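A short write-up of the structure that comes next.
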Amino acid sequence: MQNSIVDIEKEALESIEQAHDSDQLEQLSIKYIGRKGVLTKFLRNISSLPVEERPSAGKNANILKGKLEIVFKEAFLKFETSDDKDFTGIDVTLPGRPALKGSLHPITQVAQEISDIFLRLGFDIAESPEVETDYYNFEALNIPKYHPARDMQDTFYVSENIVLRTHTSPSQPRVMEKTEPPVRIISPGKVFRCDSDITHTPMFY
Numbered sequence: 218m219q220n221s222i223v224d225i226e227k228e229a230l231e232s233i234e235q236a237h238d239s240d241q242l243e244q245l246s247i248k249y250i251g252r253k254g255v256l257t258k259f260l261r262n263i264s265s266l267p268v269e270e271r272p273s274a275g276k277n278a279n280i281l282k283g284k285l286e287i288v289f290k291e292a293f294l295k296f297e298t299s300d301d302k303d304f305t306g307i308d309v310t311l312p313g314r315p316a317l318k319g320s321l322h323p324i325t326q327v328a329q330e331i332s333d334i335f336l337r338l339g340f341d342i343a344e345s346p347e348v349e350t351d352y353y354n355f356e357a358l359n360i361p362k363y364h365p366a367r368d369m370q371d372t373f374y375v376s377e378n379i380v381l382r383t384h385t386s387p388s389q390p391r392v393m394e395k396t397e398p399p400v401r402i403i404s405p406g407k408v409f410r411c412d413s414d415i416t417h418t419p420m421f422y
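Using our numbering, the letters of the sequence shown map in sequence onto residues 218 to 422.
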């Protein structure tokens with residue numbers, strides 16, 4: 218049975234060397250190292266050997282299996298490289314591959330649905346910068362200096378007069394500066410507060 222390992226190796230290597238394409242190589246891979254292949258059958262029959270021969274027989278069979286896996290991998294790579302060289306161009310008449318599409322976040326879905334409802338009611342969607350000036354975020358909304366909402370523990374200050382907006386209301390004075398009344402707007406979007414605990418996050422809608 219030890220001699221048959223040598224025979225299997227010789228036969229497998231010769232067959233791999235003579236393979237003409239990757240399909241033939243795939244069949245050889247199944248034949249020699251597949252689940253029902255030659256080496257698998259050999260390992261299953263080791264129990265028929267004398268006890269003292271079983272360890273070396275199993276070891277040699279596993280070594281050969283590992284060696285053949287490497288040889289097959291290299292042979293497949295050689296055919297792939299050869300196929301690339303034979304490639305002459307792209308057939309632009311073939312249908313394109315469909316792109317994988319993601320899905321909208323639940324918050325985005327709800328915001329869009331709410332916006333659609335108000336648009337049908339005649340409202341406009343107003344946007345304002347997420348990084349806002351002190352004037353539009355506070356003063357223009359009648360929030361005077363030294364108001365508690367201006368404290369650093371409640372507001373993210375980028376600089377002395379620049380903040381991360383604490384609400385979307387700054388869109389109101391911005392729109393009123395440019396639009397004649399009547400004004401009907403909604404202003405969905407992200408806002409920021411210095412507040413983080415089990416029920417609050419620094420950024421919310």
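Think of the CB as a built atom: it goes at the ideal place given N, C-alpha and C, for glycine as much as any other residue. Predicted, not measured: the structure shown is a model, and the values here were computed from it.
Query                                                                                                                   : Result
Glu349, buried or exposed, once every other Cβ within 10 Å from all chains shown has been counted against 16            : buried
Tyr352 versus Asp412: straight-line alpha-carbon distance, rounded                                                      : 22 Å
With 16 other Cβ atoms within 10 Å as the buried cut-off, status of Tyr249                                              : buried
Neighbourhood of Ser427 by C-beta, 6 Å cutoff - its chain only, sequence neighbours within 5 removed                    : With the chain covering 218 to 422 only, the question about residue 427 has no answer from this structure.
Endpoints, alpha helix (DSSP H) assigned at Thr350                                                                      : No alpha helix (DSSP H) contains Thr350, which is instead part of the beta strand (DSSP E) from 348 to 350.
Anticipated Cβ contact below 8 Å, Arg391 with Glu347, distance rounded                                                  : Actually they do not touch by this definition, with Cβ atoms about 13 Å apart.
Candidates Phe293, Phe373, Phe335, Lys227: closest to Arg410 by CA position                                             : Phe373
Cβ-Cβ separation, Leu260 to Gly283 (assumed contact under 8 Å), whole Å                                                 : At roughly 13 Å, the Cβ-Cβ gap does not stay under 8 Å, so Gly283 and Leu260 are not in contact.
Cβ-Cβ separation, Ile342 to Ser332 (assumed contact under 8 Å), whole Å                                                 : 6 Å
Neighbourhood of Phe293 by C-beta distance below 7 Å, restricted to the same chain and skipping five residues each side : Ser239, Leu242
Local Cβ density within 10 Å of Val309, reported as buried at 16 or more and exposed below that                         : exposed
Per-residue DSSP class, three states only, for Tyr249                                                                   : helix
Burial state of Pro387 (16 or more Cβ within 10 Å)                                                                      : buried
For Ser376, the first and last residue of its enclosing beta strand (DSSP E)                                            : 374 to 376
First and last residue of the uninterrupted alpha helix (DSSP H) at Val255                                              : 255 to 261
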